[in-house]
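Residue numbers (the numbering used here): 518 to 900.
Every residue gets a Cβ at the ideal spot worked out from N, C-alpha and C, and that includes glycine.
Predicted model, so just to flag it, every value in this text is computed and none were measured.
Report on one structure; see the data block that follows.
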Amino acid sequence: MNTDFDDIRPYTDQEIPAAMQRIADSSMLPILVSYVFPDMSVDEIKRMLSGFKTIKDFQMGVMYHVNRQIINQSISEFTFGGLEQLEKGKPYLFVSNHRDIMLDASLLQNVLVDEGLDSSQITFGANLMMNPLVIDIGKSNKMFKVERPGGNAKDFYKGSLHLSQYIRNVIVDEKESVWIAQRNGRTKDGNDQTDQGIIKMFCMSRSENKIEALSELNIVPISVSYEWESCDILKAIELYESKNVKYIKKPGEDLNSILTGILQYKGRVHFQVCPMITREELLQFDDCTNNEYHRNVARLIDQRILSSYKLWPNNYIAYDMNYGQQRFVGEYTPEEKKAFEKHLDKLEKYDGDANILKDILLAIYSNPVKNKLTIEKQNERQD
């Protein structure tokens, strides 16, 4: 067994029984059971956990059920498309826009499993490893640790190289898919944009050939869109507070965002699997410098994600309100606009300038429309 990645990898099947015992012994278990398995007793859940011997047992017995609960309780319609492009048994690097801390990756696993595909490994921010229970659940769910940028340049380089080597090992050698966000942290302002530093990191583990470095990872962009933006009020407040001073997260803020994302009503949710980035597409950037190459590949991923983003009435309402237009009035009803305006009014109870807060929230919802229009104009010029 390769021990080079023991510091970041998920659990193996051999480690699952011990992890299940720790989860069963956690003082937090009754709270989790009350939400995920309301019709079962804590003792019944403990017996179920003791029967899990593999990662797949835990994923199908618990995590799949967790996702179904979230869908049933907070999503009115869950749709997806593009899965016919994926081949069974072929590993992919899913690069997704990132709107919710947990759900973007977690719900995708149900989509994959329902289509008869294998679940993927999932990046797990070190900042989210808040306690032993979260770590046990995450690592039993094929999640691997990713350190946030920080420290000195040497340590950052070593950490990025280590992560790049791990991702390549999982996809190329272990033949298993990986999910990763297109950037560090969630998109707060509605502008989904791939960080070219992520592309640079992918290439680090095969720096001698930038084309093959990405080609062999089978990069598949994923476009996720929520009718009601996950944690939208919290995001608007954070953007407001960070306008003049550097925003510092409050204790427990990440956990609050996770719980809000799970419990908040999301309306309709759509996942779109975009066409894979092909070797032929990468070859058009072969003569570029490395920085240009990373930037161009990031733009290519952005084009896929933004053009596949499913716009909802809220997005069109926000665009018309933000720009004082009636351009998309045919895309929503008066009742839908009234419901959105009522949602905006929730910001009045928070400290600060309510008008500025509303402008920020409008931008969160309207930016996807603006970005999609920009992509459509670019495509028209190319045609």
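Cβ neighbours of Leu650 within its own chain (closer than 6 Å, five residues either side excluded): Ser543, Met545.
Excluding the 5 residues flanking it on each side, Gln842 has same chain C-beta neighbours closer than 8 Å at Tyr836, in chain order. By the neighbour-count criterion, in which 16 or more other beta carbons inside 10 Å mark a residue as buried, Pro547 falls on the exposed side. Residues of the same chain with their beta carbon placed closer than 7 Å to that of Lys859 are lacking, with the five preceding and five following residues left out of the count. Contact holds between the stretch 779 to 793 and the stretch 593 to 605, because three or more Cβ pairs, one in each stretch, are under 8 Å apart. The Cβ neighbour count for Pro555, taken over all protein chains shown within 10 Å, is under 16; the residue is labelled exposed. Straight across, the Cα-Cα distance linking Leu756 with Ile873 is about 10 Å. Minimum Cα-Cα distance from Lys705 among the listed residues Asp712, Tyr581, Lys752 corresponds to Lys752. Of the candidates Glu632, Val553, Asp523, Ile688, the residue whose Cα lies closest to the Cα of Ile736 is Ile688. Runs of the alpha helix (DSSP H) spanning 4 or more residues and lying entirely within the stretch 557 to 624 occur at 559 to 567, 572 to 575, 581 to 591, in chain order. Distance from the CA of Ile697 to the CA of Lys854, rounded to the nearest whole angstrom, comes to 34 Å. Spanning the alpha carbons of Lys766 and Ala815 requires a straight line of approximately 28 Å. For Gly847, the three-state secondary structure derived from DSSP is helix. His787 has Thr596, Ser742 as its beta-bridge partners, per DSSP. Per DSSP, the continuous beta strand (DSSP E) segment holding Phe661 begins and ends at 660 to 663. Note on the stretch 670 to 728: whole beta strand (DSSP E) runs with a minimum of 3 residues are 695 to 698, in chain order.
According to the DSSP secondary-structure assignment, Gln638 is paired through a beta bridge with Val695. Its Cα nearest to that of Glu798, the residue Gln820 stands out among Asp521, Val630, Gln820, Ile834.
Here Ser724 is exposed, its C-beta having fewer than 16 other C-beta atoms within 10 Å.
Distance between Asp521 and Asn686, taken at the CA atoms: about 10 Å. Going by beta carbons, Cys748 and Thr777 fall inside the 8 Å limit. For the options Lys763, Ile779, Tyr849, Met577, the alpha carbon positioned closest to that of Asn627 is the one of Met577. If you draw a straight line from the Cα of Val695 to the Cα of Lys866, it comes to about 41 Å. Following the DSSP letters along the chain, one finds Lys889 inside the alpha helix (DSSP H) bounded by residues 871 to 899.
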